[in-house]
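Worksheet for the structure shown next.
Residue numbers (the working numbering), protein chains in the order written: chain X, 3 to 179; chain Z, 46 to 243.
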């Protein structure tokens, strides 16, 4: 795809374009305020099958099932939701080598008001590292499409799960986003 | 009306064999962690079987993903009562998404059989079929006996779902266990579904 030639006005447009470039049609999420424009966009676009579910573990199960049957998907969640996932990632996606791609909006840092979010946030990267999962933090609009595109591509080529962390630098920094 | 209380206590392996015998069109079956998938493995090594070795409670969500990816294929999730109690919310998701090709079978023996037969809440009061119906899966029922179970499977193979089938089962333990080879299991399942050619 013409990565360098295109520019996106917003981070969520860059994500949508990368999902389409990789034929990722299934979007399952537990919502977050930072994800609001992306969730609205996938619901409005007929390209996507998008729906909410009750728990993040469930969403990983759905996307793993779909991946094994030939439909690419992504799970959207916030940091506290990611913290519920260590067991399902270890025993399903990592153990069976299923390319579940996660997108986590990062709460608990850069000005969060919730003590619980700030504490659970510290567990996210250590869990990803312990599981040996590829993960990247998205901070700049200019890199957004490239990071999503390449992460999805690698996940499916290597049959490994991966996580993309959406930093407030990307989603809340109005001067940049 | 058939309820949990007046439905017959059956045998999980026997019912699993009856189900598998009816699968003539490469239907996918997701075997939940523990005894549900051990009995599925015992009932026959089908390439369209996925045996869960972890992620307790996710048989129905995994089956939903398969059903969405391949709407022409019928998909069954076989789950235990303890597992299903972990992810009751997934029934609401399934009711909302309403895949026509999905059926969930719950083996309800009222216990966490594999960890030492501790009681689950279904042994006391909880009714999983009522909970499924409450979640919005209108076609939810207890199997009265083995013949009734077979009739319900026939219906799920023929008519639009989603379906939720409750079966009370006894305490018989599986004779053999599924090999602990998650990558091999996944690879075989993907090939069985035509999702991997090479």
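Backbone N, C-alpha and C fix where the C-beta goes; we use that ideal spot for every residue, glycine too.
From a predicted model like this one, the values you see are computed outputs, not experimental measurements.
Less than 8 Å between the C-beta atoms of residue i and residue j, yes or no?
i	j	result
residue 123 of chain Z	residue 142 of chain Z	no
residue 171 of chain X	residue 107 of chain X	no
residue 101 of chain Z	residue 133 of chain Z	no
residue 58 of chain Z	residue 87 of chain Z	yes
residue 202 of chain Z	residue 115 of chain Z	no
residue 44 of chain X	residue 61 of chain X	no
residue 82 of chain Z	residue 214 of chain Z	no
residue 63 of chain Z	residue 200 of chain Z	no
residue 102 of chain X	residue 69 of chain X	yes
residue 163 of chain Z	residue 218 of chain Z	no
residue 186 of chain X	residue 166 of chain X	Residue 186 of chain X cannot be examined here, being either before or after the span of chain X that is shown, 3 to 179.
residue 136 of chain Z	residue 180 of chain Z	yes
residue 146 of chain Z	residue 118 of chain Z	yes
residue 36 of chain X	residue 164 of chain X	no
residue 206 of chain Z	residue 153 of chain Z	no
residue 73 of chain X	residue 40 of chain X	no
residue 78 of chain Z	residue 105 of chain Z	no
residue 230 of chain Z	residue 67 of chain X	no
residue 191 of chain Z	residue 60 of chain Z	yes
residue 30 of chain X	residue 75 of chain X	yes
residue 85 of chain X	residue 126 of chain X	yes
residue 143 of chain X	residue 16 of chain X	yes
residue 198 of chain Z	residue 69 of chain Z	no
residue 121 of chain X	residue 88 of chain X	no
residue 144 of chain Z	residue 113 of chain Z	yes
Assuming residue i and residue j are in contact, meaning their beta carbons sit under 8 Å apart, how far apart are those beta carbons, in whole angstroms?
i	j	result
residue 71 of chain X	residue 111 of chain Z	4 Å
residue 52 of chain Z	residue 187 of chain Z	4 Å
residue 90 of chain X	residue 59 of chain X	5 Å
residue 185 of chain X	residue 99 of chain Z	Outside the modelled stretch of chain X, which goes from 3 to 179, sits residue 185 of chain X, for which no answer is possible.
residue 32 of chain X	residue 54 of chain X	7 Å
residue 49 of chain Z	residue 174 of chain Z	7 Å
residue 110 of chain X	residue 81 of chain X	5 Å
residue 156 of chain X	residue 99 of chain X	The pair is not a contact, with the Cβ atoms about 13 Å apart (cut-off 8 Å).
residue 34 of chain X	residue 105 of chain X	Not really, about 10 Å apart at Cβ, beyond 8 Å.
Taking the DSSP output, what are the residues bridged to residue i?
i	result
residue 209 of chain Z	Z/149 and Z/185
residue 137 of chain X	X/165
residue 164 of chain Z	Z/156
residue 53 of chain X	X/30
residue 74 of chain Z	Z/94 and Z/121
residue 55 of chain Z	Z/214
Could you tell me whether the segment 169-181 of chain Z touches the segment 114-123 of chain Z, where touching means 3 or more Cβ pairs closer than 8 Å?
no
At 4 residues or longer, and completely inside the segment 84-117 of chain Z: list those alpha helix (DSSP H) runs for me, N to C.
Runs of the alpha helix (DSSP H) inside the segment 84-117 of chain Z: 104-114.
Check whether the segment 71-78 of chain Z touches the segment 92-106 of chain Z, taking contact to mean three or more Cβ pairs, one atom from each stretch, closer than 8 Å.
yes
Taking contact to mean 3 or more Cβ pairs, one atom from each stretch, closer than 8 Å, check whether the segment 218-226 of chain Z and the segment 148-157 of chain X are in contact.
Under the three-pair Cβ rule at 8 Å, the segment 218-226 of chain Z does not count as touching the segment 148-157 of chain X.
If you scan the segment 63-119 of chain X from start to end, which runs of the beta strand (DSSP E) of 3 or more residues do you find wholly inside it?
74-80 and 103-107
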